[in-house]
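Peer 1: Pasting in a structure now, in structure tokens, and then I'll have a few things to ask.
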Amino acid sequence: MAQTLQKGQQQQIRTGSSTPGGRSRGSLLVASRTIIYLVSAIILVIQFFPLLWALSTSLMSAQETTSVPATLIPGHPTLSSYIEALRGDIGRYYVNSVITALVSTVITMIMATLAAYAFARLRFRWKNVILLLVLFFSLFPPLVQVIPIYQILQSLHLLNTLQGLILPYSVFGLPLAVLVLMAFFQDVPVELEEAAIVDGLSRFRAFLQIILPVTIPGLFATAIIVFVGNWNEYLFALNYTSTKTYTLPVGIVTISQTEFTTNFAVLSAATILSVVPLVILIMLLERRVVSGLTAGALKG
Numbered sequence: 001m002a003q004t005l006q007k008g009q010q011q012q013i014r015t016g017s018s019t020p021g022g023r024s025r026g027s028l029l030v031a032s033r034t035i036i037y038l039v040s041a042i043i044l045v046i047q048f049f050p051l052l053w054a055l056s057t058s059l060m061s062a063q064e065t066t067s068v069p070a071t072l073i074p075g076h077p078t079l080s081s082y083i084e085a086l087r088g089d090i091g092r093y094y095v096n097s098v099i100t101a102l103v104s105t106v107i108t109m110i111m112a113t114l115a116a117y118a119f120a121r122l123r124f125r126w127k128n129v130i131l132l133l134v135l136f137f138s139l140f141p142p143l144v145q146v147i148p149i150y151q152i153l154q155s156l157h158l159l160n161t162l163q164g165l166i167l168p169y170s171v172f173g174l175p176l177a178v179l180v181l182m183a184f185f186q187d188v189p190v191e192l193e194e195a196a197i198v199d200g201l202s203r204f205r206a207f208l209q210i211i212l213p214v215t216i217p218g219l220f221a222t223a224i225i226v227f228v229g230n231w232n233e234y235l236f237a238l239n240y241t242s243t244k245t246y247t248l249p250v251g252i253v254t255i256s257q258t259e260f261t262t263n264f265a266v267l268s269a270a271t272i273l274s275v276v277p278l279v280i281l282i283m284l285l286e287r288r289v290v291s292g293l294t295a296g297a298l299k300g
């Protein structure tokens, strides 16, 4: 009798998943996963479609880009637009963009790291007020600040120079970098720092030897965000530079324009060429960037 009851219980356990309740839970799980995959696919298409359109346009002739109706697939693919773009001053614009984006990112990260650590760890008067002021001034749109910054750069004789771009770039990426890095520093256990100080390290050495190594993924992720923002910046580069100091966002427009028309094939080719360094950078630092962004999301 006991063996019969035990067999019945085992059979009930094996067939539990096939009950109406089990089937409904399984169907709900499959449906939720399908919706997630579908939404993710739609987001990917929306994100990558402009880049795919630019890539397709860059392989067309100038006449084909203005044909009606517009086509996504080139009728006769050609690399002439890339050749024409490379014949221009795109190399100089590349160098200008690398210098301004890289130097300003380094300056921003140094200032943001020290400021974020101070806001996250140190206690001083008016800390919250200072932080709110920094965030408040960062809310002003760049268009409002073009003329005041122009006057400042003019008085410093920095117009039409790369230094004139590096200076505002270094400042405008600072609030976001401080906020992001504060989250990483606040998540590091205070006990690690206190133990290092007890062992004889100064607070600054504990910051350099203990805190920074732990937050390297966050530093990389923040630096990438700041670098991409500086690389793609257009408004300041348009107003504060001349032909010799143009960065890529401004330079690719001048390459593709004539007196009366715009060659959209050359414009698309130059745009694709400007994206290549960012793609290479993300591929090289993929693990650190993903781990840093994931850690930041978990902290939030």
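Take the UniProt record's numbering: the final residue in the sequence shown is number 300, and no numbers are missing along the way.
In this text, a Cβ means the ideal position worked out from N, Cα and C, and glycines have one as well.
May I ask you to verify whether the segment 168-182 touches the segment 109-126, counting CB pairs closer than 8 Å and requiring at least 3?
Peer 2: yes
Peer 1: Taking the C-alpha atoms as reference points, what is the distance between residue 301 and Phe49?
Peer 2: Here the chain covers residues 1 to 300 and nothing more, so residue 301 does not appear.
Peer 1: At a Cβ threshold of 9 Å, is Glu233 touching chain C?
Peer 2: Of the protein chains in this structure there is only one, and it is not chain C.
Peer 1: Going along the chain, which residues of its own chain have a beta-carbon closer than 7 Å to the beta-carbon of Thr245, five neighbours each way excluded?
Peer 2: Asn96, Asn160, Thr161, Leu162
Peer 1: Helix or strand or just coil, what does DSSP make of Gly296?
Peer 2: For Gly296, the pLDDT reaches just 48, beneath the cut-off of 50, and the residue's location in the model is therefore unreliable, although a value from the coordinates is still provided. Residue state, collapsed to three classes: helix.
Peer 1: Suppose the cutoff is 7 Å on Cβ atoms and the five residues either side in sequence are ignored; what does the same chain contact list for Ala116 look like?
Peer 2: Val178, Leu181, Met182, Phe185
Peer 1: Identify the continuous alpha helix (DSSP H) that holds Gln163 and give its terminal residues.
Peer 2: Going by DSSP, Gln163 is part of the alpha helix (DSSP H) stretching over 163-172.
Peer 1: With a CB to CB cut of under 8 Å and the five nearest residues on each side skipped, what residues in its chain are close to Phe124?
Peer 2: Setting aside the 5 residues that flank it on each side, Phe124 is surrounded in the same chain by Ala118, each with a C-beta closer than 8 Å to its C-beta; the list follows chain order.
Peer 1: Looking at the structure shown, is Thr108 part of a helix, part of a strand, or coil, going by DSSP?
Peer 2: helix
Peer 1: Between the segment 258-275 and the segment 77-87, can you find at least three pairs of beta-carbon atoms closer than 8 Å?
Peer 2: yes
Peer 1: Quick check on Thr262: does DSSP put it in helix, strand or coil?
Peer 2: Reduced to three states, the DSSP call for Thr262 is strand.
Peer 1: Pick from Pro69, Leu86, Leu59: whose alpha carbon is nearest that of Thr78?
Peer 2: Leu59
Peer 1: Among the residues of its own chain, which have a CB less than 6 Å from the CB of Pro168, if the five just before and after it don't count?
Peer 2: Ile149, Phe236
Peer 1: Taking one C-beta from the segment 68-76 and one from the segment 39-58 each time, how about it: are there three or more such pairs within less than 8 Å?
Peer 2: Segments in contact, yes.
Peer 1: What's the C-alpha gap between Leu176 and Val129?
Peer 2: In a straight line, the C-alpha of Leu176 is about 17 Å away from that of Val129.
Peer 1: Are Thr247 and Glu233 closer than 9 Å when you measure CB to CB?
Peer 2: Contact: yes.
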